[in-house]
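Enquirer: First, the structure itself, so that you have it in front of you.
2 protein chains.
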Amino acid sequence: MENKETFVKKLRSSGLRPTKQRLEICKVLYERDKTFHFTIEELSKILKKKSKKSISLATIYNTVHAFKNKNYLKEISINSNKSYFDTNVSNHHHFFNESTHELIDLKDTDVGVIKIKKKIPGKKIKSVEVLVKISS
Amino acid sequence: MENKETFVKKLRSSGLRPTKQRLEICKVLYERDKTFHFTIEELSKILKKKSKKSISLATIYNTVHAFKNKNYLKEISINSNKSYFDTNVSNHHHFFNESTHELIDLKDTDVGVIKIKKKIPGKKIKSVEVLVKISS
DNA sequence: ACTTACATTATAATGATTCTAAAGTAGTGT
DNA sequence: ACACTACTTTAGAATCATTATAATGTAAGT
């Protein structure tokens with residue numbers, strides 16, 4: 030739950046101009062109580078409904094990637110033809126419902142500590158992600 | 030390390046006709062000491078080198094999907110524009126080298142037991158996969 | 001206001017994957 | 001061996017997500 034001014038500041042502070050389109054997208058992504066999982070297609074549909082003058086698909090792609098690079102969005106590793114993004118950028122894991130293609134957050138505390146006992150010389154661990162596939 | 034007859038039997042026993050193309054692909058995939066991680070593109074290149082009369086790309090896709098459905102191949106969850114497959118169909122995890130896009134197996138024993146403390150009513154856990162992203 | 005670098009846009013291009021429908025082949029029965 | 005049928009392969013077209021292009025628009029500093 031944030032307001033327009035907060036978005037404007039955040040964008041400016043990360044070197045992104047607070048354009049009409051970016052603020053519109055911020056509203057959809059971050060004016061929520063829960064975290065939001067989405068594909069570009071889903072985001073695009075929501076934006077179409079919300080406003081009369083729709084935002085170009087290219088801009089949605091650009092913005093989502095800009096937000097991902099600034100760590101305002103996280104991309105989730107799922108093999109699907111589409112990319113999934115998450116407004117929760119903290120270290121956490123996911124359920125993936127194979128029937129509905131829905132993602133559900135697993136808090137860090139929902140998953141026991143994960144010990145990686147193997148090391149690859151000269152490589153650093155960037156992230157450890159658990160994907161729990163479920164279906165009915 | 031298996032021979033042609035073994036492949037023929039395995040294919041027949043799962044209702045797949047042992048065609049020239051499928052046997053050729055079996056050789057590339059399973060006549061190895063270590064497990065093999067690949068994309069369709071990589072597999073296609075290897076097959077092109079191996080034999081004069083190349084196998085159609087559509088057949089490679091068909092075969093890989095048929096093998097995946099019969100549980101002779103596993104698809105790995107990575108968000109990439111391409112799909113990755115693994116000849117190791119057992120329950121195990123992966124390192125993904127973000128610099129080289131290379132996959133490395135983590136034996137089940139290389140990762141501590143993963144406890145999923147959250148349950149989703151009416152849903153069964155189909156798999157639990159850990160992806161450890163690394164880079165230099 | 002003027003300028004400039006950054007953004008948006010419609011459209012085209014790309015690239016992986018899937019579809020199509022025609023030609024080929026394996027396996028069965030004769 | 002021969003014929004039949006269902007399954008396979010194939011080249012090429014189609015599809016779909018994503019990225020590139022290049023022209024137009026806009027934010028923000030001077």
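From first to last, the protein sequence lines are chains A and B. To convert, take the position in the first sequence, counting from 1, and add 29; that gives this note's numbering. To convert, take the position in the second sequence, counting from 1, and add 29; that gives this note's numbering. Even glycine gets a Cβ: it sits at the ideal position worked out from N, Cα and C.
1) Quick check: is the beta carbon of Phe-96/A nearer than 8 Å to any beta carbon in chain B?
2) From Asp-134/A to Thr-68/A, what distance separates their C-alpha atoms?
3) Using 10 angstroms around the beta-carbon of Glu-53/A, count the other beta-carbons present and answer buried if the total reaches 16, otherwise exposed.
4) With a CB to CB cut of under 6 Å and the five nearest residues on each side skipped, what residues in its chain are close to His-122/B?
5) Hey, how far is the Cα of Ser-106/A from the Cα of Ser-43/A?
6) Report the start-end ranges of each beta strand (DSSP E) in the stretch 60-107 of chain B that is 3 residues or longer and not cut off at the edges.
7) Using the Cα positions of Asn-126/B and Asn-117/A, report the straight-line distance between them to the nearest angstrom.
8) What is the DSSP secondary structure of Glu-131/A, reduced to helix, strand or coil?
9) Do Val-93/B and Leu-86/B count as a contact pair if the criterion is CB distance below 8 Å?
10) In this structure, how does DSSP classify Lys-155/A when only helix, strand and coil are distinguished?
11) Please go through the same chain and pick out, in chain order, the residues whose beta-carbon is closer than 7 Å to the beta-carbon of Phe-65/B, but skip the five residues on each side of it.
12) For Asn-110/A and Asn-110/B, I'd like the C-alpha separation in whole angstroms.
13) Suppose you measure from the CA of Phe-96/A to the CA of Arg-51/A; what does that come to, to the nearest Å?
Expert: Let me lay it out:
1) no
2) Taking C-alpha positions only, Asp-134/A is separated from Thr-68/A by approximately 15 Å.
3) It is buried - the Cβ of Glu-53/A has at least 16 other Cβ atoms within 10 Å.
4) Leu-135, Val-140, Val-159
5) 25 Å
6) DSSP runs (the beta strand (DSSP E)) wholly in the stretch 60-107 of chain B: 66-68, 103-105.
7) Whole-angstrom Cα-Cα distance: 24 Å.
8) strand
9) no
10) Reduced to three states, the DSSP call for Lys-155/A is strand.
11) Leu-58, Thr-116, listed in sequence order.
12) Note on geometry: alpha-carbon atoms of Asn-110/A and Asn-110/B lie some 8 Å from one another.
13) 10 Å
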